[in-house]
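For the sequence shown, our numbering assigns the number 483 to the initial residue and increments by one for each residue that follows. By construction, the Cβ of each residue, glycine as well, lies at the ideal position given by its N, Cα and C atoms. In this text, all values refer to a predicted model and were calculated from it rather than measured experimentally. Below is one structure, written out as structure tokens; the observations come after it.
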Amino acid sequence: MINRSTDKVKMPEQDPVERRGNFREVATGYTEEMAIEEAKRCLQCKHKPCMDGCPVHVQIPEFIDLVAAGEFKAAYEMITATNSLPAICGRVCPQENQCEVLCVRGKKGEPVAIGRLERFVADWAMENDPPVLEPAPSNDVKVAVIGSGPAGLACAGDLAKRGYQVTIFEAFHTPGGVLMYGIPEFRLPKALVQAEIDQLREQGVEIQTNMVIGKVYDLEDLKKEGYQAVFVGTGAGLPVFLGVPGENLNGVYSANEFLTRINLMKAYDFPNCDTPIRVGQHVAVIGGGNVAMDAARSAKRLGAREVSIIYRRSEAELPARDEEIEHAKEEGINFCLLHNPIRIIGNDEGWVTGIECLKMKLGEPDASGRRRPIAIPGSETVIDLETVIVAIGQSPNPLIKNTTPDLETQAWGGIVADDTTMATSKEGVFAGGDVVTGAATVILAMGAGKQAAEAIDAYLQGKPLSPEHPAVVFGVNPVDL
Ligand code: FAD
Ligand code: SF4
Ligand code: SF4
């Protein structure tokens, strides 16, 4: 029987006061009863509009119907037929702009909680009936995947299922890309990411870490090593800075460095772990996207008394997900809106002591569609603090571009790749994810990796590169330049 409630079944969460003192996951997940109750809100629409919003084409009504019937294992199999990372997507996909925005239940009330149900199913399977995976029969064709973020993992997984001998080359000592080094533990537990990576290994994917392509090997070397096609999924990990005086002072971090120290190097557990981090009592995070929210909420958990998001537009223009903004507010993060930094101030020892900002007002919409911030002359104001974290965007690392002269790139450094086949200007080289689109989302990167796998398969069989699914062109871009 259909559940007529206009509201989603609420997600249980850690209390805000308790959680801002720990790195445990904020949302604790549906119980079986909650999942069944929520699944019964689905109307099983014949034309499946929700599916048009999912870049990896999860069979949404079908898996939800199985959840409603208590058939959780079958629901897991239904989801993983097209999505190899459901525990991750169920947590970090911006569902409100993707599958859920197209759900008909959203016309009168809240959409079906597709993401929460996907998360429930993935967690249930891991806990109760983990899949037993084994390599597909090998076709002895070697393919190299550069980068182990969601784009590389999705591409590798789909190629391995088709029998290819896939090797992932990852620059860091730990695979997972932003899933491991960027998104904090309290939003995406690393054990889950590790479990999904272990599954890939069980399917025969080899992962070589500490392998910086462009230094250890270049793309030509990979060809000489017998790799017949290459997928480049190296992301956009190069931080963008403000370009204001004082940015080289001690106590100024890029959000990337700050979050990497915390997530990958476990700085929150110093001295048990080797990498320290100093946050002080007063912290400012510059920017208003998901990365800024993650950095601010991490700084709070590291013991900072006052953490402020400094953002040059108003709340309406904040690019972060609503849920993240809400969680940040609940945890006591201040929002210093309509302020733009013009100078970081330091003491004689070279440490940050404050930041000078100009107040802003909003003008007409700019090219991004958001109202343009305009500085108010004479409105300079100084905020005292010890740490500044810059979270205004990332661009691709230029290493592969610089070592591959015949690889066409955009002026901003992104690799040029075909929208649907992900083929680049270089024969046998495909690319996808943030290195092509600029900083975007996990699910768009995964979608690109899957499309590339399909095209690589066709290429290696001498068939035309025509993927079954066209590219999904919408989604959110959390960058706030
Ligand atoms: P990445 O995840 O960046 O992975 C690229 C990998 O390539 C890295 O491991 C890198 O070390 C490796 N690499 C780079 N150069 C080389 C080289 N030369 N040789 C070998 N390896 C190399 N998206 C969401 O959907 N929801 C969210 O909530 C969300 N939150 C985010 C929070 C933060 C803090 C950040 C930084 C991003 C967030 N995003 C979020 C964006 C999302 O994580 C990215 O869009 C996604 O990870 C891109 O995937 P990718 O595979 O293209 O690249
Ligand atoms: Fe929605 Fe993401 Fe799951 Fe697709 S993968 S159904 S977009 S939550
Ligand atoms: Fe169910 Fe919503 Fe999809 Fe309809 S649009 S099938 S109600 S999830």
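**Run of the alpha helix (DSSP H) containing MET608, from where it starts to where it stops** = On the sequence shown, residue 608 is found 126 positions in, with the first residue counted as 1. Looking at the DSSP string, the run of the alpha helix (DSSP H) that includes MET608 is 596 to 610.
**Asked** Based on Cα-Cα distance, which residue from ALA509, GLN496, THR835 lies nearest to ARG669?
**Response** The residue labelled residue 669 in the question sits at position 187 within the sequence shown. Among ALA509, GLN496, THR835, the Cα nearest to that of ARG669 is on ALA509.
**Message:** In this structure, how does DSSP classify ILE546 when only helix, strand and coil are distinguished?
**Reply:** The sequence position of residue 546 within the sequence shown is 64, counting from 1. Secondary structure of ILE546 (DSSP, three-state): helix.
**Prompt:** Helix, strand or coil: how does DSSP classify ILE650 here?
**Reply:** Looking up residue 650 in the sequence shown gives position 168. ILE650 sits in a strand when the DSSP states are folded into three classes.
**Message:** According to DSSP, ILE871 sits in a beta bridge with which residue or residues?
**Reply:** The sequence position of residue 871 within the sequence shown is 389, counting from 1. Note: ILE871 sits in a beta bridge opposite TYR735, VAL767.
**Request:** Sort GLY715, ASP611, ALA607, GLU582 by Cα distance to GLY597 and report the nearest one.
**Result:** Taking the first residue of the sequence shown as position 1, residue 597 is located at position 115. Checking every option, the nearest Cα to that of GLY597 belongs to GLU582.
**Item:** Beta-ladder partner(s) of TYR793, from DSSP
**Value:** Translated into the one-based positions of the sequence shown, residue 793 becomes position 311. LEU819, per the DSSP bridge assignment.
**Request:** May I ask you to list the residues that DSSP assigns as paired with TRP833?
**Result:** Position 351 of the sequence shown, counted from the first residue, corresponds to residue 833. The partner list for TRP833 (beta bridge, DSSP) reads ASN732.
**Message:** Quick check: the Cα distance between PRO880 and VAL924, rounded to an integer number of angstroms?
**Reply:** Along the sequence shown, one-based indexing puts residue 880 at 398. Along the sequence shown, one-based indexing puts residue 924 at 442. Each residue's alpha carbon lies about 21 Å from the other.
**Asked** Does the distance from the C-beta atom of GLY815 to that of CYS839 stay below 8 Å?
**Response** Taking the sequence shown and counting its residues from 1, one reaches residue 815 at position 333. Taking the sequence shown and counting its residues from 1, one reaches residue 839 at position 357. The displayed chain sequence assigns Ile, not Gly, to residue 815. No, Cβ-Cβ distance for ILE815 and CYS839 is not below 8 Å.
**Request:** Compute the Euclidean distance between the alpha carbons of PRO543 and VAL918, then round it to the nearest angstrom.
**Result:** As a first step, residue 543 is located in the sequence shown; it is residue number 61 there, counting from the start. As a first step, residue 918 is located in the sequence shown; it is residue number 436 there, counting from the start. Between the alpha carbons of PRO543 and VAL918 lies a gap of roughly 31 Å.
**Item:** Other residues of its chain near GLY708: CB distance less than 7 Å, five sequence neighbours each side excluded
**Value:** Looking up residue 708 in the sequence shown gives position 226. Taken in chain order, the residues that qualify are LYS624.
**Request:** Would you tell me roughly how many angstroms separate the C-alpha atoms of ALA935 and ASP640, rounded to the nearest one?
**Result:** If you number the sequence shown from 1, residue 935 lands on position 453. If you number the sequence shown from 1, residue 640 lands on position 158. Their Cα atoms are separated by approximately 6 Å.
**Prompt:** By Cβ distance, which residues of its chain are closer than 6 Å to CYS637, with the 5 residues on each side in sequence left out?
**Reply:** Mapped onto the sequence shown, residue 637 falls at position 155. Around CYS637: VAL627, PHE713, GLY931, ALA934, ALA935.
**Prompt:** Going by the C-beta, is ASN829 closer than 7 Å to any heavy atom of ligand 2?
**Reply:** Numbered from its first residue, the sequence shown carries residue 829 at position 347. ASN829: no, Cβ never under 7 Å from ligand 2.
**Message:** Starting from THR919, trace the alpha helix (DSSP H) in both directions and tell me its first and last residue.
**Reply:** The residue you call residue 919 lines up with position 437 of the sequence shown. Its alpha helix (DSSP H) spans residues 916 to 919.
**Request:** Give the single residue among ALA849, GLU831, ASP848, SER861 whose Cα lies nearest to the Cα of LYS841.
**Result:** Along the sequence shown, read from residue 1 onward, the residue named residue 841 stands at position 359. For LYS841, the closest of ALA849, GLU831, ASP848, SER861 by C-alpha to C-alpha distance is SER861.
**Beta carbon of TYR735 nearer than 8 Å to that of ILE824** = What you label residue 735 is simply residue 253 of the sequence shown in a count that begins at 1. What you label residue 824 is simply residue 342 of the sequence shown in a count that begins at 1. In this structure, ILE824 does not lie closer than 8 Å to TYR735 by Cβ.
**Request:** Report the rounded CA-to-CA distance for GLY832 versus PRO878, giving the unit in angstroms.
**Result:** As a working note, residue 832 is residue 350 in the sequence shown. As a working note, residue 878 is residue 396 in the sequence shown. Cα to Cα, GLY832 sits roughly 30 Å from PRO878.
**Request:** Starting from TRP710, trace the alpha helix (DSSP H) both ways and give me its first and last residue.
**Result:** As a working note, residue 710 is residue 228 in the sequence shown. What sits at residue 710 in the sequence shown is Gln, not Trp. In this chain, GLN710 is not harboured by any alpha helix (DSSP H); it is covered by the beta strand (DSSP E) spanning 709 to 714.
**Prompt:** Does the beta carbon of VAL726 fall short of 7 Å from some heavy atom of ligand 2?
**Reply:** Mapped onto the sequence shown, residue 726 falls at position 244. Not so, every heavy atom of ligand 2 lies at least 7 Å from the Cβ.
**Message:** Rounded to whole angstroms, what is the Cα-Cα separation between ASP489 and GLN580?
**Reply:** By one-based count along the sequence shown, residue 489 stands at place 7. By one-based count along the sequence shown, residue 580 stands at place 98. About 18 Å.
**Asked** Going by C-alpha distance, which of PHE752, GLN710, ALA857 is nearest ASP939?
**Response** Sequence index remark: in the sequence shown, residue 939 carries index 457 (1-based). Ranking PHE752, GLN710, ALA857 by Cα distance to ASP939 puts GLN710 first.
**Prompt:** Whose C-alpha, out of ILE856, CYS524, ALA849, is nearest the C-alpha of ALA550?
**Reply:** By 1-based counting over the sequence shown, the position of residue 550 is 68. In this structure, CYS524 is the residue among ILE856, CYS524, ALA849 with its C-alpha nearest to the C-alpha of ALA550.
**Request:** Would you mind giving the Cβ-Cβ distance between ALA802 and ALA774, rounded to the nearest angstrom? I have them listed as a contact below 8 Å.
**Result:** To locate residue 802, count along the sequence shown from 1; it is residue 320. To locate residue 774, count along the sequence shown from 1; it is residue 292. With a beta-carbon spacing of about 7 Å, ALA802 and ALA774 fall inside the 8 Å limit used to define contacts.
**Prompt:** Relative to ligand 3, is the shortest distance from any of its heavy atoms to the C-beta of LYS530 smaller than 7 Å?
**Reply:** For this step, residue 530 is matched to residue 48 along the sequence shown. Yes.
**Message:** For PRO568, report the span of its alpha helix (DSSP H) as first-last.
**Reply:** On the sequence shown, position 86 is the one that residue 568 refers to. Counting along the chain, the alpha helix (DSSP H) containing PRO568 begins and ends at 568 to 574.
**Request:** Could you check what DSSP says for ALA551 in three-state terms: helix, strand or coil?
**Result:** In the sequence shown, residue 551 corresponds to position 69, counting from 1. The three-state secondary structure of ALA551, taken from DSSP, is coil.
**Prompt:** Rounded to a whole number of angstroms, what is the C-alpha to C-alpha distance between LEU661 and ILE897?
**Reply:** Stepping through the sequence shown from its first residue, residue 661 is reached at position 179. Stepping through the sequence shown from its first residue, residue 897 is reached at position 415. When only Cα atoms are considered, LEU661 and ILE897 end up about 21 Å apart.
**Among PHE912, GLY717, GLY696, nearest to ASN884 - alpha-carbon criterion** = Residue 884 sits at position 402 when you count from the first residue of the sequence shown. It is GLY696.
**Message:** Under DSSP, the beta strand (DSSP E) around LYS811 begins and ends at which residues?
**Reply:** Stepping through the sequence shown from its first residue, residue 811 is reached at position 329. Here LYS811 belongs to no beta strand (DSSP E); instead the alpha helix (DSSP H) covers 804 to 812.
**Item:** Opening and closing residue of the beta strand (DSSP E) in which VAL625 lies
**Value:** By 1-based counting over the sequence shown, the position of residue 625 is 143. Where VAL625 is concerned, the enclosing beta strand (DSSP E) stretches over 624 to 628.
**Request:** Would you kindly work out how many angstroms separate the C-alpha atoms of PHE723 and ALA569, rounded to a whole number?
**Result:** The residue labelled residue 723 in the question sits at position 241 within the sequence shown. The residue labelled residue 569 in the question sits at position 87 within the sequence shown. Between PHE723 and ALA569, the alpha-carbon positions lie close to 33 Å from each other.
**Request:** Take GLU519 and list the residues in its own chain whose beta-carbon comes closer than 7 Å to its own, dropping the five residues that flank it on each side.
**Result:** Stepping through the sequence shown from its first residue, residue 519 is reached at position 37. Here the set comprises ASN485, VAL491.
**Item:** Beta-carbon proximity of ALA927 to ASP916, cut-off 8 Å
**Value:** Taking the sequence shown and counting its residues from 1, the one referred to as residue 927 is at position 445. Taking the sequence shown and counting its residues from 1, the one referred to as residue 916 is at position 434. The Cβ atoms of ALA927 and ASP916 lie closer than 8 Å to each other.
**Message:** Between the alpha carbons of ASP680 and TYR750, how many angstroms are there, rounded?
**Reply:** Reading the sequence shown from its first residue, position 198 is the one you call residue 680. Reading the sequence shown from its first residue, position 268 is the one you call residue 750. Roughly 25 Å separates the two Cα atoms.
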